[in-house]
Amino acid sequence: LHLGVTPSVIRQRYNLTARDVGSGTTNNSQACAQFLEQYFHDSDLIKFMRLFGESFVHQKSVAHVVGQQGKGLAGIEASLDVQYLMSAGANISTWVYSSPGRHEAQEPFLQWLLLLSNESSLPHVHTVSYGDDEDSLSSAYIQRVNTEFMKAAARGLTLLFASGDSGAGCWSVSGKHRFRPSFPASSPYVTTVGGTCFQNPFFITNEIVDYISGGGFSNVFPRPSYQEEAVVQFLKSSPHLPPSTYFNTSGRAYPDVAALSDGYWVVSNSMPIPWVSGTSASTPVFGGILSLINEHRILSGRPTLGFLNPRLYQQHGAGLFDVTHGCHESCLNEEVEGQGFCSGPGWDPVTGWGTPNFPALLKTLLNP
Amino acid sequence: SYNPEPDQRRTLPPGWVSLGRVDPEEELSLTFALRQQNLERLSELVQAVSDPGSPRYGKYLTLEDVAELIQPSPLTLHTVQKWLLAAGAWNCHSVTTMDFLTCSLSVRQAELLLLGAEFHHFVGGPTKTHVVRSPHPYQLPQALAPHVDFVGGLHRFPPTSSVRQRPEPQVARTIG
């Protein structure tokens, strides 16, 4: 029985034992980035770990802050990112990127991309909670940002983006409703994380779709070859496909993976806050677990995971709990009645290949 | 002249309000995304280092390798720098890969440089953030079309948080 998601709920559900923490002896590192001008407080992290982190070895503070941390109030999203990245990827050096204090004419997310292009040594895993509707961004901007992700992938950085919290999204194009994909979630060079919840919210049971979980098909990027087989299989076999006029069947489909996104406890401004939800929560959880796998790879003398998707799809999501129940939200009209895509066996555009089963995922991602 | 971002949304996001034009002498910091080279090759390398079946799997590039591969051509670097210096930009700094250039300009200089742009103060978002943006589209001289992808800091507003407190657990809501 539990009253909301805490680190021990996460660690139990994803089969992380007290031994599954960073060794503290490698150059392993991870980072979270948010662009909401929010701050996190070290004191909140200490309180959070005192409340929820006693059962596993963890670091008591963030290793490196990029961008000013103000003296203002802590933000829930900034607190959530740090606390759950350092709980899932426990005892691993953690950086926080936040953009307060930037010049008023600058774009926070663009400043983060410049940092990636200017720092030789960066953490291996980056979890990022940022997204915009694809249709609101210029193609020049989207294509250039996508190239920045290619640069990061070539360097072996693992970029995880939240898939968004509006399900398939919805907008009207010349009077007709269509689903509304999100970017950078739709970039073929990042790993996108969707959201799930427990079938019974008060027990650690199997997971079903969290109806907010962002997912769908890009209108900008064609489907990359690494996901062709999985997506075609879904399009052929899903019994609940929405009308094809709602989405671009040949687009890059996302998310790639998922994790719990409903009912988190967070400590912000010294207050424990329940029921915080969103894929901004599932993303640092999945990122922390990839950091643990990097830890084992580094200790075995292997390179870190880098851009995960080609391997993830080649291995058909081995090592992940497949989520096969539930659908996410979309347009509220008679045609689709608020329902977007539905999960199913294998990959689906709501939870991707599913949620991490650590020991099994470690086994499939340790070699080569 | 041409507009590098004709399809960029410029409407005000919900919850943001304009506080009026920016003083012409106020300083701006704008980011210029310079055209890169060898992107096909970059894409091949990403595939090679990310595919477990590839002999090059896990043999990642360093930042310096990436810079050497994709940095803008000398012509692009020279053309853009000359254009910016002629406009009076100062305090320009680049990044290791040389494909971004951030410069300071006065509003007056920026509005002359980026034809059509008009900078306003805006405030909004969950933390009442202040930003300077242009609700009007900007144009660049046609000669720059092969050298500049876009100019950052004119149209896109900071994102808003999507994390929310859902008072009741989701399943209860679904059952309801």
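Note that the protein sequences, when read in sequence, are chains P and S.
Using our numbering, read the first sequence as starting at 185 and increasing by one per residue.
Using our numbering, read the second sequence as starting at 2 and increasing by one per residue.
Cβ coordinates follow ideal geometry from the N, Cα and C atoms, glycine included.
Item: Measuring straight from C-alpha to C-alpha, what distance separates P/Gly472 and P/Thr488?; Value: 13 Å
Item: List, in order along the chain, the chain S residues whose C-beta lies closer than 7 Å to that of P/Ser454?; Value: Those within 7 Å of P/Ser454 in chain S number zero; the least Cβ separation is about 17 Å.
Item: Does the distance from the C-beta atom of P/Asn212 to that of P/His242 stay below 9 Å?; Value: no
Item: Any beta-carbon of chain P closer than 9 Å to the one on S/Leu113?; Value: no
Item: Tell me where the alpha helix (DSSP H) around P/Pro191 begins and ends.; Value: Pro191 to Arg197
Item: Quickly, what does DSSP pair P/Ala215 with across the bridge? List them, please.; Value: P/Trp279 and P/His310
Item: Within 10 angstroms of its Cβ, does P/Phe240 collect 16 or more other Cβ (buried), or is it exposed?; Value: buried
Item: Between P/Phe236 and P/Trp449, which are expected to be in contact by the criterion C-beta below 8 Å, what is the C-beta distance as a whole number of angstroms?; Value: 7 Å
Item: For a contact defined as C-beta to C-beta under 7 Å, what are the partners of S/Tyr58 on chain P?; Value: Pro552
Item: Could you confirm whether any beta carbon from chain P is found closer than 9 Å to the beta carbon of S/Arg22?; Value: no
Item: Does any C-beta atom of chain S lie closer than 9 Å to the C-beta of P/Tyr325?; Value: yes
Item: Can at least three beta-carbon pairs, one atom from the stretch 282-302 of chain P and one from the stretch 474-491 of chain P, be found at a separation below 8 Å?; Value: no
Item: Kindly say whether P/Asp319, judged by its beta-carbon, lies nearer than 9 Å to any beta-carbon of chain S.; Value: yes
Item: Spatial neighbours of S/His131 within its chain, please: C-beta separation below 6 Å, excluding the five flanking residues on both sides.; Value: Val124
Item: Would you say P/Ser322 reaches chain S, if we count a Cβ-Cβ gap shorter than 9 Å as a contact?; Value: yes
Item: So who's on the other strand from P/Met455, going by DSSP bridges?; Value: P/Ser452
Item: The alpha helix (DSSP H) with P/His480 in it runs from where to where?; Value: Thr463 to Leu483
Item: Which two residues bound the contiguous beta strand (DSSP E) that contains S/Ser19?; Value: Val18 to Arg22
Item: Does the CB of P/Asn568 have a neighbour CB from chain S at under 9 Å?; Value: This structure gives no information on residue 568 of chain P, because the portion of chain P shown stretches from 185 to 552.
Item: Does the beta carbon of P/Ile457 come closer than 9 Å to any beta carbon on chain S?; Value: yes
Item: For S/Ala144 and S/Val152, I'd like the C-alpha separation in whole angstroms.; Value: 15 Å
Item: With respect to the beta strand (DSSP E) encompassing P/Asn403, which residues constitute its N-terminal and C-terminal limits?; Value: Gly400 to Pro406
Item: Pairs of beta-carbons, one from the stretch 358-368 of chain P and one from the stretch 421-438 of chain P, closer than 8 Å: are there three or more?; Value: yes
Item: Which residues in the same chain as S/Ser19 place their Cβ atom closer than 8 Å to its Cβ, once the five residues preceding and following it in sequence are excluded?; Value: Leu13, His121, His122, Phe123 and Pro136
Item: For P/Asp319 versus P/Trp355, is the C-beta spacing smaller than 9 Å?; Value: yes
Item: Quick one: grab the DSSP three-state call for P/Asp265.; Value: helix
Item: Let me know the secondary structure DSSP gives S/Arg174 once reduced to three states.; Value: Note that S/Arg174 scores a pLDDT of 46, beneath 50, so its modelled location is shaky; the value from the coordinates is reported in the next line. S/Arg174: helix per DSSP, three-state reduction.
Item: Residues of chain S with a CB under 8 Å from the CB of P/Ala215: which are they?; Value: None at all; the shortest Cβ gap to chain S is about 16 Å.
Item: Taking the beta strand (DSSP E) that S/Asp150 belongs to, which residues open and close that run?; Value: Val149 to Gly153
Item: Is any heavy atom of the ligand GTP found at a distance shorter than 8 Å from the C-beta of P/Glu518?; Value: This structure lacks the ligand GTP; in fact it carries no ligand of any kind.
Item: Could you check which residue in P/Ser305, P/Lys335, P/Leu321 and P/Asp316 has the C-alpha nearest to that of S/Glu6?; Value: P/Leu321
Item: If we define contact as Cβ-Cβ less than 9 Å, is S/Thr77 a contact residue for chain P?; Value: no
Item: Please state whether DSSP places S/His131 in a helix, a strand or coil.; Value: strand
Item: Can you list the beta strand (DSSP E) stretches of 3 or more residues lying completely in the stretch 507-544 of chain P, in chain order?; Value: 511-513 and 523-526
Item: Quick check on P/Pro554: buried or exposed, where buried means 16 or more other Cβ atoms within 10 Å of its Cβ?; Value: Residue 554 of chain P is absent from the model: chain P starts at 185 and stops at 552.
Item: Given a cut-off of 9 Å, decide if P/Asp394 and P/His512 are closer than it, judged by their beta-carbon atoms.; Value: yes
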